[in-house]
Each structure stands twice: as C-alpha cells, then as structure tokens.
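Participant: My questions will all concern the structure given below.
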C-alpha cells in the first residue's frame, strides 16, 4: 500500500485506496486535485448559497452491492439500468484513464471514484430512444455513489435520452457527471428527472457541447434530495447551434435545490432559449443562477432567458439570478426573472366550479410548472414527468387525471 | 330560491353595495342592469363567495340556507354557478378533465359517487354541440388561447355540464358578436326550467332580446333603484343611464 500513503485517512481516501491498482494509478491526478480542492464552501462565488464544505468531514461507506429491481421502463426505449452506480444486466463502462472532466473538487472526486456509467456513441439516421435509469439506496449507514456518463451523438444523428434518477430515503451522497457531445447537425432531446429520496445529497454536472447546426432540447425536473445541486453547462461551439433549456425545480420541506445553468455562445448565429419554473414549498430554499456568456465574435447571437418562481409558503425562499456577460456587439439577449404567489383570481375561479382550496392550489401550481413541462413534445415522457411532479404536490395524486 | 335582504358590502374600506333586496323564485330569470361601477359585478361575486368583501349588513339565503358563511366550493356544490366576465386561462389542464374534476368534486361534496367516465364523455360532447364549439377544444387547455367569445361559450359549456340551479351570468354577453350572442343565449335558454333560476348581469339590453327576463332591475350606486318587466330594459336602451343621476 506504499503508493497510496499520501491518501487522506477519510472516507474519500479510503474509497480511493480501495480501487484496483490500475485505476488508482490512472486517476491519481484526479484524486490529487480533489485532495487539493475538496468540497467547495460558500466563499467560492459559485457555491455561495450551497455550501458543501460539511461534506469534507463526513464519513460515507461504499454503497451496498447492486441488486436488480423492477424498473418502470419507458416504452419503446433501450433501457440502461444502474443501481448504486453499477450497471445491471449489461457490460460495465470500461474503466478509463481518468482524463475526463475534472475541473473542481466535486468533478475531480467523481473522476477518481466512479466505476460505471453510460458510454454511448450514437450514429446513423435512425432516432434512438434511451432510458438511463439510476437507482440509489438500500444502505443502513451513509453511503456514496458516483456515476459518470459519456455520450456522443455523431454527425446528423438523433436521440432522446431520459436520465431518470431515483432513490430511497437512506442517507446518500451522489455525484454524477455527464459529458455530452452533439456533433454537427445532430439533435438531442435530453430529459432529466431527479426524484431522489429525502436524505440524499446530489451533486450533478452536465456538460454539453453543440457542434454546427446541432440542436439540444433539454427538460429537467428536479424534485428530490435534501440538498441538490445541478450545474448544466451548454456550449454552443459552432455556428447555427441551438439550445432550448427548460426546467422545473420544486423543493419541499426543509430541502435545498440549486440549479446553475451556463450557456456559452462561442460562435456566431447561435440561439438559446431558456425557461425555468420554480415551485418552492414549506421551508425549502431554491437557488437558480442562469449565466449567459456571449463570447467575442459570437455575432448574431439570439438568446432569451426567463425564470419565474412561485413561493408557496411564507417560509419558502428563493435566490434567482440571471447573469449576462456579453462580449459581442451585434446580439439579441433578453432575460426576465419574476417571483410571486398563486393568482387569487384563478384560485377563486376553480373554487366556484367546485374544487376545494387545496385542489385549486395544487392544480394551479402544476399549471405554472406546465409552462416548462409543456415544451416537451414527447407525450409519454411528459406524462411521466407530470406524474412525478404531481406526486410531490399536496393532494397531487388526486389530480393525475388532469394531465394533458 | 334566492333571498337577498338589505345586503351591504364593502371592498377595501369602500361601500359598494348599499342595501340590496332581491328575491328570485324558482324558474325566474332576473336581469340586473346598470351603469359601470354600480356594483353589478360585486353582487355576483358576493353571491359566489369571492374573498375580500366585507359584508357589513344584511343576509343572503339560498334554499333557506345562509349562503354568506359558505366557501365558494360549497356554494358550487349547492348548485350556484357564476359565469365570469373574464374567465381565467388554465393552460396544462384540458377542458375535458377540468369539467370532470369539477363535476366529481361537487358530487363528492354531495355524497354522490363519481361519474362514469364514458357516459360523461358522451354527455359533454352533446353539450359542446349546443354551444357550437369544436369537440377538439375539449382536449385543449381550459380557455388557453381562446378568443373572448370562445371563453364565454366555454363558460356556458361549463354551465350546461354542471347543471347548476342558480346561474349568475356576469356580462356573459360582453364582447360577443351577434352569432356568439345567439349561441350563448341558446345555451342559457336550454337551461331554463321550473326549478332553475337565472340572474343575468348585463350592461346592454340586446342579450334580453334572446333571453326574455321575468324581472329587470336597475342597479345604481349600490342599490336597486327600479324594478320592472322586460319593457324596462328597452326603456334603458332608449334613454341610457343618464336619467339615473336625477333619479338617485
């Protein structure tokens, strides 16, 4: 064990030390970076509202061995099934040299410790439909799970990818990194549902690069976890690239949900549209930071960003901030951010038709979120996400039939 | 059926209704006319149970039950329906399911079983014909992207489906072209029966050419200043509301 003598004597060091030697050697750089940076605290601007530094002192065991369980698989889709970070019923992702994304403490830890994830290359003209289902949990003591996906859409290909994240209420730390490359003319519909249990800490990073005339349609629904953070970074790297980002975050109880999106217009004639809806309940805290960067030379950039939040209880809290950095002069950039309560007139209208107050409120809350949800053309997926959302709203199940 | 006695209501410290007395018997159609700001819409909303009104005096009973203490949804389940002047859009919820949710919510409150989904669908489709709407609208979001006239027809559709016993229609005729007005009127007339009553709140007389009222009331300054037969509406049409300034 002499070659790992410099590993910290904590949960993360133990987990790294437990890797096969070849992986330890290949990933020593990533692990060293994690050791240097550790989990970020609020003094780092990007983590101001989501302080992870307490994780540095925590003890997480390896997650229990994967056991297959029934999956509500998406119809007409290929299923990639992961339990506690390991693939079920398919080959594991071949272990890699650890040269993927590792630019901060969290991604470095993920790069050092992940054992599996999807590794997909999509080509040809036939559209692919993939359900990437990840379930985590089952532990009796706090456990951690790391997943890393690499997805490439080759030139002109088309895919719908459903990242479906589920878990139980056991105490978990989960990190996930997805590196996605959409080559020239390819179309990706990426749908992400985060419906983890109430004792999970989930830190996710999705990094997407769009080539010439490539298109991304993203819908994210973030519902679960005690503390959840998702960084969604999209680079419009070549001319004609187009990104549509839509999302819903709906934290309840005393949970914390942080969404950071960053759209980088790095080439001329690129387009982005972003629409987020936040539903903040109980004593939850939501954070939304939407950064749009127009790089020098990215002329004729066309960008719009809208975020609106509903505060559904007097103790709910939200920090929503658009950030525009524009380094080109011939661009169209619009943004808007609002925050408010349910419309009393609408509640009243529904009550005059017989719905009680709770049903009316839940219905209108769902409707508010539908501005984002409704952008998804894929009906079975839209329905699935709508059901997941209703499942988190008071008496929401009673309204399932109302789904469009 | 509906008995309003000396009703006074106030909004944000301002007196709007200043002593309304009105009795509507089963089967009757009452028109309430009056200039803007006279309190017509307030009266409709006080009857339907909207928040924000302070009732300072008076009482309202519906079938001998004290109405003002009830929540809007309880009033709906008793059979009171308010057709809105400005119906609300609810994108993301189809008309069909909204209608079903409303019917079932009312049935549940009244201790009745849920309605059979297939029978209900057939029944709703029949009603859609009465208001001459495209059946496809049942699968669109409630009032989502509807024109003003479509929204009003949708109000009438809801009324036809919910089968209320007291229909309060707040300027359902406003903003309608002549064809839409005729359709809306046919919907209202289809609902007329010896055990149902209608209160038509309107600014203009032309709706009353299609839905013949039994009694016409003129509301001004928060009071009913005159009541009469259908001829009163025609008189108002000729003279306007200006004469009220002298009468009040």
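Protein chains in written order, with my numbering: chain A, 32 to 435; chain B, 67 to 314. Where a beta carbon is used, it is the ideal one built from N, C-alpha and C, also for glycine.
(1) Quick check: the Cα distance between residue 328 (chain A) and residue 267 (chain A), rounded to an integer number of angstroms?
(2) Mind listing which residues of the region 127-143 of chain B have their C-beta closer than 8 Å to chain A's C-betas, in chain order?
(3) So residue 280 (chain A) is in the beta strand (DSSP E); what residue range does that whole segment cover?
(4) Could you check what DSSP says for residue 221 (chain B) in three-state terms: helix, strand or coil?
(5) Report the three-state DSSP secondary structure of residue 108 (chain B) (helix, strand or coil).
(6) Return no unless some Cβ of chain A is closer than 8 Å to the Cβ of residue 151 (chain B).
(7) Within its chain, find whatever has a CB closer than 7 Å to the CB of residue 314 (chain B); leave out the 5 residues flanking it on each side and keep chain order.
(8) If you draw a straight line from the C-alpha of residue 114 (chain B) to the C-alpha of residue 223 (chain B), how long is it?
(9) Please list the terminal residues of the continuous alpha helix (DSSP H) segment that includes residue 47 (chain A).
(10) Looking at the secondary structure, which residues open and close the beta strand (DSSP E) in which residue 225 (chain A) lies?
(11) What distance in whole Å lies between the Cβ atoms of residue 115 (chain A) and residue 60 (chain A), which are believed to be in contact at a cut-off of 8 Å?
(12) Using the rule of at least 16 other Cβ atoms within 10 Å of the residue's Cβ for burial, across every protein chain shown, is residue 9 (chain B) buried or exposed?
(13) Pull up the DSSP beta-bridge partners for residue 41 (chain B), would you.
(14) Going along chain B, which residues have a C-beta under 8 Å from residue 390 (chain A)?
(15) Do residue 258 (chain B) and residue 327 (chain B) come within 8 Å of each other at the CB atom, strictly closer than that value?
(16) Name the DSSP beta bridge partners of residue 249 (chain A), please?
(17) Does the Cβ-Cβ distance between residue 155 (chain A) and residue 188 (chain A) come in under 8 Å?
(18) In chain A, which residues lie less than 8 Å from residue 117 (chain B) when you measure between Cβ atoms?
(19) Buried or exposed: where does residue 244 (chain B) fall if 16 or more other Cβ atoms within 10 Å of its Cβ makes it buried?
(20) Would you please state the rounded distance, in angstroms, between the beta carbons of residue 214 (chain A) and residue 186 (chain A)? I believe it to be under 8 Å.
(21) For the region 279-295 of chain B, which residues have a CB atom closer than 7 Å to at least one CB atom of chain A, in sequence order?
(22) Give me, in chain order, the residues of the same chain whose beta-carbon lies closer than 8 Å to that of residue 432 (chain A); leave out the 5 immediate sequence neighbours on both sides.
(23) Would you mind sorting residue 419 (chain A) into buried or exposed? The rule is 16 or more other CB atoms within 10 Å of its CB.
(24) Strictly under 8 Å for the Cβ-Cβ distance: is residue 50 (chain A) near chain E by that measure?
(25) Distance cutoff 8 Å, beta carbons only. Does residue 145 (chain A) sit that close to anything in chain B?
(26) With DSSP as the reference, label residue 314 (chain B) as helix, strand or coil.
(27) Helix, strand or coil: which one does DSSP assign to residue 244 (chain B)?
(28) With 8 Å as the threshold, decide whether the Cβ of residue 163 (chain B) is near any Cβ in chain A.
(29) Measuring CB to CB, does residue 147 (chain B) end up less than 8 Å from residue 234 (chain B)?
(30) With contact counted as at least three CB pairs below 8 Å, one residue from each stretch, are the region 161-181 of chain A and the region 192-203 of chain A in contact?
(31) Am I right that residue 239 (chain A) and residue 211 (chain A) are in contact with their C-beta atoms under 8 Å? What's the rounded C-beta distance?
(32) Assuming residue 106 (chain A) is part of the alpha helix (DSSP H), what are its boundary residues?
(33) Shorter than 8 Å from the beta carbon of residue 148 (chain B) to some beta carbon of chain A?
(34) Please classify residue 417 (chain A): is it buried, with 16 or more other beta-carbons within 10 angstroms of its beta-carbon, or exposed?
(35) At 3 residues or longer, and completely inside the region 135-195 of chain B: list those beta strand (DSSP E) runs for me, N to C.
(36) Looking at chain A, is there any beta carbon in it that lies within less than 8 Å of the beta carbon of residue 156 (chain B)?
Facilitator: Result, derived from the coordinates:
(1) 13 Å
(2) 137, 138, 139, 141, 142 and 143
(3) 273-280
(4) helix
(5) helix
(6) no
(7) Because the pLDDT of residue 314 (chain B) is 48, which lies under 50, any placement of that residue in the model is unreliable, and the number read from its coordinates should be weighed accordingly. Cβ neighbours of residue 314 (chain B) beyond the five flanking positions: 286, 287 and 291.
(8) 18 Å
(9) 42-48
(10) 218-226
(11) Actually they are not in contact, since the Cβ atoms of residue 60 (chain A) and residue 115 (chain A) sit about 26 Å apart, beyond 8 Å.
(12) A query on residue 9 (chain B) cannot be resolved here, the shown segment of chain B reaching from 67 to 314 and no further.
(13) Coverage of chain B is limited to positions 67 through 314, which leaves residue 41 (chain B) absent and any answer about it impossible.
(14) 167 and 171
(15) Not covered by the structure: residue 327 (chain B). The range shown for chain B is 67 to 314.
(16) A:221 and A:276
(17) yes
(18) 375 and 379
(19) exposed
(20) 5 Å
(21) none
(22) none
(23) buried
(24) Absent from the structure: chain E. Protein chains present are A and B.
(25) no
(26) Confidence in residue 314 (chain B) is poor, its pLDDT being 48 and thus under 50, which makes the residue's placement too unreliable to answer from.
(27) helix
(28) yes
(29) yes
(30) yes
(31) 4 Å
(32) Residue 106 (chain A) -> no alpha helix (DSSP H), and no H or E assigned at all.
(33) yes
(34) buried
(35) 146-149 and 156-160
(36) yes
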